[in-house]
Structure formats: C-alpha cells, structure tokens
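This report refers to the structure that appears directly beneath it.
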Amino acid sequence: MKRDLLTILDLSSAEIHSLLARAHELKALHRQGSHHTPLTGKTLVLIFDKPSTRTRVSFEAAMRQLGGGTIFLPRDQTQMGRNEPLADTARVLSRYVDGVVIRTFAQDTVAELAHHAAIPIINGLTDTHHPCQVLSDLLTVSERFGGLQGLKVAWVGDGNNMANSWITAALRLDFELYLACPPGYEPDSGLLHLAREKNRPVHLGPDPRWAVAGAQVVNTDVWASMGQEDEAQARRLAFQTYQVNPELLKLAAPQAIVLHCLPAHREEEITSEVLEGPQSAVWDQAENRLHFQKALLEWLLG
Ligand code: CP
Ligand code: NVA
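Under the numbering used here, the residues of the sequence shown are numbered 20 to 321, in order.
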C-alpha cells in the first residue's frame, strides 16, 4: 500500500526514528562522495502554489542524487490553474510518475490529492503543516545532542505551520515542547487538544522567557508567513516582544542551539547577531533538508 506524508502524524515513532537513522547514514555516504542510486528511473513531480528555495532545491537535488528525476510544476502553469479537478490530476499523474511533493495553502488540498492518487504524496508546506522541515530539524537536533529524549525545545513567535508541526513531532517523540505565542496567534487548537488528551509534554504560554529558560533548542520563524503579507504590519506590532535576541538566548541552556527554517527577517523575529552567532545551527539545519528527504524518498518511492 502506498504511504503519504501529509503531517508528521502519518508516521509512527518507530518510523521517524528509522528515517532519522537512515538520513544520518545517507549524510555520511554523501560526505564520502559515494553514489547510491536506488531511485534510478523514478520521477518526482513538485506542484508549487507558493515560492520556495530550500524545499524545491533540496527535493530536486535529493531525487537526482538518488538516481531519479523531477518535474517542477507551478500550479498556475498547469490545467489545474484553469480549474481541472485535483482528482483528475491525481489519477493522471499516478499513471506517469512515482510521487508528488505539493506546496499549497489549504491542508485539505493535499489530503484530496492523496486521496485520489495511487502514488505517495508529500506535503512540502501548507498553511497548517511543514512536516519535512520539522522532521529534518529533528535530525539537526539529534546530531547535536545525540538524541531527542528529555530535551527542552522552545518555540518563540507565531503559532504557524512550523509550530503545528513541532506539536505533531512532540506527539510522537519524547521531548518537552514549550511554545510562547502572543494571544490570538496560538497554534492549531485541535492539535493542542490532542496533545492534552494524549498527555504529551506540550506547553503553551505567552511569555518567551518562560519558554526559553533552560531550553536546549530555541526555534523561531517569520511573523508573517507566505499568504499573510497583508497582515504584516499588525503582526509586527503583536510580535514585538517575541524576538530571539542575545538577551533572550542568555536564558537558554549554555549549549543551546538556535533554529530557524529560513527565510529569516533579520531584526524582526531574530537578530543578525543570533542568526550569525555561534549558537546558530541554521546552515546545518538547511543542509539537513537534503539528507532527511533522501531517506524519505528512498522509503516512500524505493
Ligand atoms: N524552509 C523552507 O521551507 O524554505 P523554502 O520556502 O525556501 O522552501
Ligand atoms: N512559516 C513560513 C515558513 C516558510 C518556510 C511560511 O509558511 O511562510
């Protein structure tokens, strides 16, 4: 049976651990320059409704390194842009290629594509989830700390797609998640409810200092995500006290790392000093998209 990755909840904790272990091996192979091409002859389509640098390039590079190929489809340049039903597109693409990455607005669009497709569908970001980013961030964290168990992970800022995906990660793995979000900008209430119901260590409050105190991992993201450009001014006001800066970072554990999925808005959600500073892990974090997604593609398409 085909598998999809619509949210992290599509994976069991054992599957996440095995993907992380495999990504670690593939990273080592990549470093040695060795060729490993299990996806020879396979094709991945990327349907994108929003801009992307990292997600697009890391998936395309991953596919090529594994021996396969890709087709990039900005949705507005396809018949989908002229209202051909997604269900029809899903069935046609399933006859041509081996998998699809889709970046779009509504999570329902991704679910609908997956429902009608006979091939694996991977969520490359929606308004509510960014599973590939957070799964590869787990690789970065486990590389730095030798695992995830018992770590305190802080989220500072918007309760957006990234925050939601961190909650789904905390539903599957054993680390403590503390989210500091301004009132009115909290993460998905259904996910918070699920975390409470399952008794998972997911804590939400308004104070960044509370979230960051003693944390090993400090995470942030832009204040206005793609599609929220009109709200940017109002958000700048609401998020003023949610900046990851040297003063806030001093409260974290001495060996803490800072993560940001990028692109970053310097001097808004994060200062240049922190982003470019010794505790920033953002470049390794960006690199790990490639290695994690190779493990994911090998598993889903292999
Ligand atoms: N972090 C991330 O998904 O970046 P892109 O928008 O460049 O793909
Ligand atoms: N929250 C951001 C992440 C970008 C990778 C957005 O959705 O625009």
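Backbone N, C-alpha and C define an ideal beta-carbon position, used for all residues, glycine too.
Annotated as distal: Leu-268 and Pro-227, with beta-carbon spacing of 7 Å or more.
Counting the other Cβ atoms within 10 Å of the Cβ of Ser-31 gives fewer than 16, which makes it exposed. Exposure of Thr-72 is indicated by the presence of fewer than 16 other C-beta atoms within 10 angstroms of its C-beta. Sorting Gln-84, Ala-40, Asp-29 and Asp-68 by C-alpha distance to the C-alpha of Ser-53 places Gln-84 at the top. When C-beta atoms of the stretch 76-91 are compared with those of the stretch 282-289, fewer than three pairs fall below 8 Å, so the two segments do not count as touching. Glu-195 and His-222 have their C-alpha atoms spaced approximately 8 Å apart.
Here Gln-168 is not near Asp-207, since their CB atoms are 7 Å or more apart. The continuous alpha helix (DSSP H) containing His-36 extends over residues 32-51. Counting the other CB atoms within 10 Å of its CB gives Lys-217 a total below 16, which places it among the exposed residues.
A residue is called buried when at least 16 other Cβ atoms come within 10 angstroms of its Cβ; Tyr-197 meets this threshold and is buried.
DSSP places Tyr-197 inside the beta strand (DSSP E), whose first and last residues are 195-199. Around the C-beta of Arg-285, fewer than 16 other C-beta atoms lie within 10 Å, and the residue is accordingly described as exposed. Residue burial is scored here from C-beta neighbours: Thr-108 has at least 16 other C-beta atoms within 10 angstroms and is therefore classed as buried. Taken through DSSP and simplified to helix, strand or coil, Gly-100 comes out as helix. With a cutoff of 7 Å on beta-carbon distance, Leu-38 and Ala-271 are scored as not near each other. For Asn-307, the secondary structure class from DSSP, reduced to helix, strand or coil, is helix. Thr-147 is the residue among Thr-147, Ile-35, Val-119 and Lys-61 whose C-alpha sits nearest the C-alpha of Gln-247.
Taking the Cα positions, Gln-252 is about 34 Å away from Leu-158. For Cys-280, the Cβ falls inside the 6 Å cut-off from some heavy atom of the ligand NVA.
Within its own chain, the residues whose Cβ lies closer than 7 Å to the Cβ of Lys-61, once the five positions on either side in sequence are excluded, are Gly-87, Asp-117 and Leu-320, listed in chain order. Taking Leu-25 as the centre and dropping the five residues before and after it, the same chain places the C-beta of Gln-126, Val-129, Ala-130, Ala-133, Ile-140, Asn-142, His-148 and Pro-150 closer than 8 Å to its C-beta, in chain order. In the DSSP assignment, Thr-239 falls within the unbroken beta strand (DSSP E) covering 236-239. Counting the other CB atoms within 10 Å of its CB gives Leu-105 a total of 16 or more, which places it among the buried residues. Assignment of Thr-62 by DSSP, reduced to helix, strand and coil, places it in the strand class. Non-local beta-carbon contacts of Pro-201 in its own chain, meaning distances under 7 Å to residues more than five positions away in sequence, involve Pro-225, Ala-257, Phe-258 and Tyr-261 in chain order.
By the 16-neighbour rule on beta-carbons within 10 angstroms, Asn-102 is exposed.
In the three-state reduction of the DSSP assignment, Ala-251 falls in the helix class, which pools H, G and I.
Contact check for Asp-240 and Gly-165: beta-carbon distance about 25 Å, past the 8 Å limit, so the pair fails to qualify. In its chain, beyond the 5 residues on either side, Pro-150, Val-153, Leu-154, Ser-184, Thr-187, Ala-188 and Arg-191 have a beta carbon closer than 7 Å to the beta carbon of Ile-27. Note that the C-beta distance between Leu-65 and Val-120 is below 7 Å.
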